[in-house]
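Residues 812 to 962 in the numbering used here are what the sequence shown lists, from first letter to last.
Each remark here refers to the structure printed beneath this line.
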Amino acid sequence: MPHDKYIGMELSKVNNMIRRDYSKTDIKKKVDDATGKNGWIIGYLAENSDKDIFQKDIEERFYLRRSTVSNMIQLMEKKGYITREAVSYDARLKKLTLTPKAWEIQRLMLRNIIDHEDKMRRNIAEEELCVFFNVLEKIQRNLTDEGGTEK
């Protein structure tokens, strides 16, 4: 049965609008090759800098496949954003650590993220945001094993 609006299409439109809006900012020129998922990974590593974070953690946090994360980590290492370091308790594991270059990018991106988040939340009541996030969580559950499909 056809719908008036499709969730996937609307989410895609909003995602494109966010990217377009971001591309207008001054920060884009400074951190151009750290945008997208690289930026989110840098942010995640920064937020969890007090813990050992491994490739598997990135896969789970961002719901990405192992091969995708492996390629991203290799590229981020090549760009000088992260290093892989052995841990004393398991020779097979390499924790991901941000470089000073990535910390500077994180500082710039965080300011930009806060500004964009404020812009997107403008004129939206807190109750509406709660409903919005609850609906997004339900959509995510519907699209995972919990909802009957797999990644």
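Note that CB positions come from ideal geometry on N, CA and C, so glycine has one too.
Since this is a predicted model, take the numbers as computed values, not measurements.
Asked, Found
"What number of angstroms, rounded off, separates the C-alpha of residue 937 from the C-alpha of residue 899?", "45 Å"
"Distance check for residue 847 and residue 942, CA to CA, integer angstroms please.", "26 Å"
"Quick one: measure Cβ to Cβ for residue 905 and residue 913, integer angstroms, because I've assumed they're closer than 8 Å.", "Residue 905 to residue 913, Cβ: 16 Å. No contact."
"Starting from the Cα of residue 916, find the closest Cα among 850, 871, 814 and give me that residue.", "850"
"Nearest by alpha-carbon distance to residue 854: which of 922, 955, 930 is it?", "922"
"Could you tell me the alpha carbon to alpha carbon distance between residue 929 and residue 891, rounded to whole angstroms?", "30 Å"
"Tell me the DSSP secondary structure of residue 897 in three-state form.", "strand"
"Please list the terminal residues of the continuous alpha helix (DSSP H) segment that includes residue 932.", "911–932"
"Determine the burial state of residue 880: buried for a count of at least 16 other Cβ atoms within 10 Å of its Cβ, exposed for fewer.", "buried"
"Give the single residue among 862, 926, 948, 886 whose Cα lies nearest to the Cα of residue 832.", "926"
"Kindly provide the ranges of any beta strand (DSSP E) runs that are 3 or more residues long and lie completely inside the region 831–897, ordered along the chain.", "none"
"Look up residue 949 in the DSSP assignment and say whether it is helix, strand or coil.", "helix"
"Let me check one thing: in DSSP terms, what residues is residue 907 bridge-paired to?", "895"
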